[in-house]
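Data block below; observations after.
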Amino acid sequence: MIKNRMVFCLGLGLLLMLFSCSPSSRDGVDENQFAGYWYQGKAEINVFDLQQSRYGEVRPGKAVMIFVTEDFSKRKQVKLDDPKGNASDAQKVMKLNMTRDFVTGIYPYHTMLSVFTPVYEESFSPKITASVTEWCGQSFTQLNFKNGTYQIKQFSYFESEGDSEAKVNAMPEDELFNLIRLNPELVPTGSQLLLPSLIFQRFAHTPLKAENASIARRDLASNQSEVVVEYSNIGRRLSIRFEKFFPHEILGFEESWTREDGKKETTTATRTHMKLTDYWNQNGTMSEPLRKELGL
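At position 246 of the sequence shown the residue is numbered 246 (the working numbering), and the sequence of numbers has no breaks.
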């Protein structure tokens, strides 16, 4: 009897250990398929022709989306330097770094958005940051998901937008790009409470708060689908076009904003180049010609 009980306890302990060490995969994420593409030790670089609406005019420029997976600290919400040595704190995330570069008259604009979305856990992105820099100054926003809500810190050179802190409980719009890459079916549809794009919020100089929106997902011609987001109160619409089948590459996006005075501003981005590469190992001058291969 004692021997049987010991065998049972050992078996139960082994099962618990296996479950505790294995990621609890999101529904719809095929681990073998996902790992075969995203765990190659490379990033996916996507370059877009950008037509950015700013100050009532459309400005040509470039947008770049860099998708890569990495090990993230659940406690510190930063990239782990030693994930093997901190396995209990490690969380696999899909990271999107998105930049936009364009010129307004004499001076340039540069924006950057970073979104870290869990690959396996069904949770909001633990961290999102956004910055806008131009000759007038710079602004920065950071969202950290803690205790079931987003803690927001904003910094700006504008007096009216100054340094501020807030809390918001809503899904961030900026997370949609990563959810599409994981599996488009993870994108919720219908009426949703969303936190609008951080870059849009800085450009529009609107308060950063949750807004009522509707999300639709639909198939287009050939091997393409799109996600469409429409806000009922702020006049914003976003459509993201992507490949229907894995790895669901982003092909383009369109943003439109109808201002309070009735004027409509539309921004479009159309992908022109894509490359899988370990770009962090290509930082010498001899690698600079690779930019031409990306149309940069």
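Even for Gly, the Cβ is constructed at its ideal location relative to N, Cα and C.
C-beta atoms of residue i and residue j nearer than 8 Å
i	j	result
M171	L194	yes
V132	I152	no
L47	T272	Contrary to the premise, residue 47 reads as Val rather than Leu in this sequence. Yes, Cβ-Cβ distance for V47 and T272 is below 8 Å.
M94	F67	yes
S256	T266	yes
P247	R291	no
N183	G28	yes
T285	L198	no
K127	N147	no
T299	A216	Residue 299 cannot be examined here, being either before or after the span of the chain that is shown, 1 to 296.
Beta strand (DSSP E) segment containing residue i, residue limits
i	result
M124	In the sequence on display, residue 124 carries Phe and not Met. Looking at the DSSP string, F124 is not in any beta strand (DSSP E), and its letter there is neither H nor E.
L113	107–118
I348	Residue 348 lies beyond the residue range present for the chain, which begins at 1 and ends at 296; the question has no answer from this structure.
F140	137–146
H273	264–277
I250	250–258
K167	164–168
Q282	Where Q282 is concerned, there is no enclosing beta strand (DSSP E), given that its DSSP letter is neither H nor E.
I240	236–243
L195	190–195
Y231	224–231
Contacts around residue i, its chain only, beta-carbon distance under 7 Å, and the 5 residues preceding and following it disregarded
i	result
W135	Y107
Q51	V58, P60, T267, T268
K42	L276, T277, D278
Where residue i sits in the DSSP three-state scheme
i	result
K42	coil
F158	coil
G295	coil
R100	strand
S287	helix
D71	strand
Y37	helix
D89	helix
Close Cβ partners of residue i (< 8 Å) along its chain, the five nearest in sequence each way excluded
i	result
E161	S139, Q154, H205
L220	E226, R241
Segment limits, alpha helix (DSSP H) that includes residue i
i	result
I199	198–204
R181	176–182
Residue i classed as buried or exposed, judged by whether at least 16 other C-beta atoms fall within 10 angstroms
i	result
K76	exposed
V187	buried
W38	buried
G252	buried
S114	buried
L80	buried
Close Cβ partners of residue i (< 6 Å) along its chain, the five nearest in sequence each way excluded
i	result
T149	K167, N169
R202	V132, S139
Any C-beta of chain D under 8 Å from that of residue i
i	result
S73	Note that chain D does not occur in the displayed structure, where there is just one protein chain.
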